[in-house]
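In order, the protein sequence lines correspond to chains A and B.
Going by numbering that gives the first Met the number 0, the first residue of the first sequence is number 0, and it counts up by one from there.
Going by numbering that gives the first Met the number 0, the first residue of the second sequence is number 0, and it counts up by one from there.
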Amino acid sequence: MSIVRPYGDTTGDGMVQLSFTLPVPHSKVAEGAAVQLANKMGMDPALVAHSRPLGPDHTFFVVYGRVNHLVDTSKVEVVERDYALLTPKEVNAAVKRTLRRRLVVVGACIGTDAHTVGIDAILNIKGFAGEKGLEYYRELKVVNLGAQVSVPQLVDRAVAEKADAVLVSQVVTQRDAHVLNTREMSAAFREAFPPRRRPLLVVGGPRFDETMAADLGVDRVFTRGTTPGEVASYLVDRLAQERKAS
Amino acid sequence: MAARTTSRLQLDQATVRRARSLARKVGQPIVRLARQHTTVSVERATLRLAGLGGADPDGTPWVNRLLDSVRADVPLEHGVALPVWDALLRGEAEDLLTLAQKASAGSVRFRLPEGRDATRARSAAGRAVGAGVRRIDARRRERDRMINRHGDAPRQPWVYLIVATGDIYEDIPQAQQAAREGADVIAVIRSTGQSLLDYVPEGATREGFAGTYATQENFRLMRAALDESSKELGRYVRLTNYASGLCMPEIAALAGLERLDMMLNDSMYGILFRDINPVRTFVDQRFSRQVHARAGIIINTGEDNYLTTADAVEAAHTVTTSQLLNEYFAKEAGLADWQLGLGHAFEIDPDLPDSFRMELAHALLARELFPKAPLKWMPPTRHMTGDIFRGYLLDGFFNLAGALTGQGILLVGMMTEAVVTPWLSDRDLALQNVRYVMNAAGNLHEDFIPRPDGFIVQRAHQVLGESIDLLGQIVDHEHGLLDAIADGTFGLMRRPADGGRGLDGVARKSAGYYNPASEILEAK
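This is the structure:
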C-alpha cells in the first residue's frame, strides 16, 4: 500500500495538528483567519483548539483538522548518502580499527578569504547545529590553520603533518574566487603528492555545488548546512575504502 | 555563610575550605603570569578608555591602527601609554584621534621617553585614562539611580532571554517585546566567529551569522532601547553581552562605558573552545574582570559548555572545579560575590535513571558552595532532540530544579532548541512554562530538605570530593593549570601554553612598563 493519509486515531482519518502565529490582534477575526489558512493548507474541517494573544499585535493558534491530501510513498525521492552516518564514538572506533593511529586533518581558508565561520563550525570543538566539531573526536588530530592561508603554505603543512585529509573552506565568491582557489589548491596537491599518497581533498562553502567535485579536482564538496558529524563520517568511510583498495 | 546553606547538603566546612585553598593554589601562578604580561587587546582597551574610538574608511578601528604604528617603533613590552602620550606632548598631534590618523599615514615616529619626559607622559596618560574610568563610574551610578527610580526585577531567579537576529535594528523590537513578556535580562548573542577577530567592529551592524556583532554603537542602541522599556515597565531591564575571545579587555571597557549590566566572561572558555592562546586569555581575562568589577557588571561564567562536550554525570566535578577557579580569579580581580554569575547547566541524559535527582544534587552543590553568588542556570541543549513536546517537559523540569535550588539567573530554555532560532510563540510558551513553575512551586525550596544520608546529599558530596581530587591533580602538574589545560583535563581539549590564536599579541612586561588603566584598577 503506497497511498497513505495521516493517522490520528483511526486509519485514514487524515488528522493533523498545526501551530502558527498570525500578525493579527487576538479576536474573532483572527480565529477566522486561522481557519482560512488551515483550509487553504488542505485542512478541512479545521478546528482552532487554542488561540492566545502574543502582545497586542499577534495571535498564536493550535489547529486540529483533517487533510484531504494523499501521499504516495512510491513517489518519494531521497538523495541517499553514500557513506554511513556515524556517532563520534563510532568514528573514533573506526579510526582505531583501520588506521591504528590518529587520523590527521588539516583545515584552512585559502586565498584572501577571511571568513573562518565554515571551517570553524566543522573543526572547532564548539561545532555546529548541536554537533561538536572534529576537535572533539579523540582519534582525530586537527590542525586548523585559520584564514588567508596560501596554497603553498597549506601543502607544506599537509606534508609536515602527514595529513590524511585536507579541508578547505571558501565563503567569498567574488569573481568565482572560490572555484579558482580550489582548482589551484587541488592542482598543487596533485603536483606535490604521488596519487596514492595524496590526502583526501574536501572543500566546503555555501556557494559550491555538490556535483562539482571532479571539475574542481577534489574528492568531495560539502555545501551549506553540513555538520561536523557528516564530514567525520565521510572521512572515515573514504579512508577505510582506500585501505581496502591498497 | 548563612545557616540555611550549610544545612541542606551538610557540607563539611573544612572540606569546602580545602577546595577553596586548592583553587587558590592552582590560580596564584596564573595570576602571577597575568601580572607579568600584557597583550595588544589590553593596550587597545587602555586607548579606548582614554577616549579613542572610531575606525578608518576600511573599518579598521583607530585603536588598532595606532597600536600597530606604536609597535613598529616601540616593542609592546613597554606598553602603549608612554610612547603615545610622549608623542602628544611632543606636539605630534593635538589629540589621540589625530595622532592615530597621522601615525597610520606614517608621519609620526614613536619613542620610549626617559627621565622627565617619561614622568610627564605618565601623568598625561594617567589623566586621560582616569577620565575614562570616571565615565565608567558615572555609568555605574546611573544604573543604581535607574534601579532606584524604576525598581529592580521583581523576583529571583531573574528571567534571562536571548535575541539573536544578526541585525541590531531587528534585535531592538524583539528585545523590547521579550522584556514586555517578562524578561528581566536580555542577552544579545554575538555573531559566530567574532571571538576570533582581533579587533572590535565599529558602528551599528545589520549582518551577522547566528548573532549580532558586539560593537560600541550596538551596545548603545540596545541599552537606550531597554532604558525605554525599563521606564515603560517600571523595572530595570538588564542587558548582557560577551566579553570573550581575542578582544575581551576592549569589549569589557566598551560594556562599562555603555552601561551593560552583565557580561559572559569565563576564565578558560576561549582557550578550550576557541583555541585562543592560554597566556593571552588569562592576561585578557584578568584585565577585563578588573574593568567589570569597577563597572558593577555581573559576570556569567561558562561552565555549562563543559557539559555540552563531556558527559554531565562523569564530568560534573569539572564544573565544580571550574566554578572554584572562576571564583578565585574573579575575586582576585576585584569582583564581589554578588557579581559572580557562576555557570552550570541541566544537561544530564534524561534517559538515565535518577537524572533529575542528580541535577538537583549538582545544582544544590553549586548553591551551597557559593551562597552569595547569583548562579547562572543554563537549560538543556544537548538532549533537546527536535521533539519539541518532550523538550517542553524537560524545560519544565529544568525550571523546577532552578526554583528548588534558588538559582539567581535563569536562562529560559526553548522547546525549539536545535530546530530554529526562537520564534515569537516559542518565547511566549517558554515564559508560560517559567511562570507556571515559579507560581506553582517557587517557594517549594522552603520544604525541600534532602534526606541527610539520601541520594542527593551523597551525590553532592561525591562531586565535591572528585572536584577536590581534580584540583589536587592540577596542583601536582609541573606547571600546574597550564599543563592541565595542555593535557586535556578540561572539556577533553588539549591546549598547550605556546599554541593557539593570539600568542603574537602577548608580551612580557619590561621593567619600565606602564599602563595607567591597570594602575587605577589595581588600586581599589
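Just so you know, even glycine gets a beta-carbon here, dropped at the ideal spot from N, CA and C.
Note that this is a predicted model, so its numbers are computed, not measured.
Residue 57 of chain A has A:53 as its beta-bridge partners, per DSSP. Within the stretch 102–157 of chain A, the alpha helix (DSSP H) runs of at least 4 residues that lie entirely inside it are, in chain order, 116–122. Here residue 232 of chain A carries a helix assignment [DSSP, helix/strand/coil]. Contact annotation: the stretch 149–167 of chain B touches the stretch 224–237 of chain B, with at least three C-beta pairs closer than 8 angstroms. Neighbours of residue 57 of chain A across chain B, judged by C-beta separation under 7 angstroms: 423.
Residue 232 of chain A is positioned such that its CB atom lies no closer than 8 angstroms to that of residue 29 of chain A. Shown in chain order are the members of the stretch 162–194 of chain B whose Cβ falls below 8 angstroms from a Cβ of chain A: 176, 179, 180, 191, 192. Judged by DSSP secondary structure, residue 343 of chain B falls within the beta strand (DSSP E) whose first and last residues are 342–344. For residue 20 of chain B, no beta strand (DSSP E) segment is defined; the enclosing uninterrupted segment is the alpha helix (DSSP H) at 12–35. Assignment of beta strand (DSSP E) within the stretch 457–512 of chain B, counting only whole runs of 3 or more residues, yields 505–507 in chain order. Look at residue 427 of chain B: its C-beta is under 8 angstroms from a C-beta on chain A.
With a cutoff of 8 angstroms on beta-carbon distance, residue 242 of chain B and residue 287 of chain B are scored as near each other.
Around the beta carbon of residue 428 of chain B, 16 or more other beta carbons sit within 10 angstroms, so the residue counts as buried. Contact note: residue 115 of chain A reaches chain B through 192, 195, using a C-beta cutoff of 7 angstroms and chain order.
Beyond the five residues adjoining it in sequence on each side, residue 51 of chain B comes within less than 8 angstroms, by CB distance, of 61, 62, 65, 95, 96, 99 in the same chain, given in chain order. Residues of chain A with a Cβ closer than 8 angstroms to the Cβ of residue 64 of chain B do not exist; the shortest Cβ-Cβ separation is about 18 angstroms. Residue pairing by DSSP places residue 45 of chain A opposite A:64 in a beta bridge.
A distance below 8 angstroms separates the beta carbons of residue 84 of chain B and residue 123 of chain B. Short of 6 angstroms from the beta carbon of residue 248 of chain B, and not among the five residues preceding or following it, lie these beta carbons of its own chain, in chain order: 40, 41, 44, 283, 286, 287.
Interface annotation, residue 489 of chain B: not in contact with chain A, CB-CB separation never under 8 angstroms. Residue 337 of chain B counts as exposed, since fewer than 16 other beta carbons sit within 10 angstroms of its beta carbon.
Under the three-state reduction of DSSP output, residue 16 of chain A falls in the strand class. Nearest C-alpha to residue 158 of chain B among B:181, B:80, B:175, B:169: B:181. Contact of residue 20 of chain A with chain B by beta-carbon distance below 8 angstroms involves 422, 423, 424. Short of 8 angstroms from the beta carbon of residue 444 of chain B, and not among the five residues preceding or following it, lie these beta carbons of its own chain, in chain order: 402, 403, 404, 405. Here residue 24 of chain B has 474 as same chain residues with Cβ atoms under 6 angstroms from its own Cβ, once five neighbours each way along the sequence are excluded.
By the rule that beta-carbons nearer than 8 angstroms mark a contact, residue 54 of chain A touches chain B.
Under the DSSP definition of a beta bridge, residue 375 of chain B partners with B:342, B:408. Residues of the stretch 264–283 of chain B with a Cβ closer than 9 angstroms to any Cβ of chain A, in chain order: 271, 272, 273, 274.
For the C-beta of residue 121 of chain A, not a single chain B residue is nearer than 7 angstroms; the gap to the nearest is close to 12 angstroms. Around residue 257 of chain B, the same chain offers 138, 215, 218, 219, 222 as residues with beta carbons nearer than 8 angstroms, after the five sequence neighbours per side are excluded.
The continuous stretches of beta strand (DSSP E) do not include residue 63 of chain B, which lies in the alpha helix (DSSP H) extending over residues 61–72. Within the stretch 134–148 of chain A, 134, 135, 137, 143, 145, 146 place their CB atoms closer than 9 angstroms to a CB of chain B, listed in sequence order. Straight through space, the alpha carbons of residue 276 of chain B and residue 500 of chain B are spaced by roughly 5 angstroms.
DSSP places residue 420 of chain B outside both helix and strand once states are collapsed to three, so it counts as coil. Residue 97 of chain A and residue 244 of chain A do not touch by the CB rule: their CB atoms are close to 12 angstroms apart, not below 8 angstroms.
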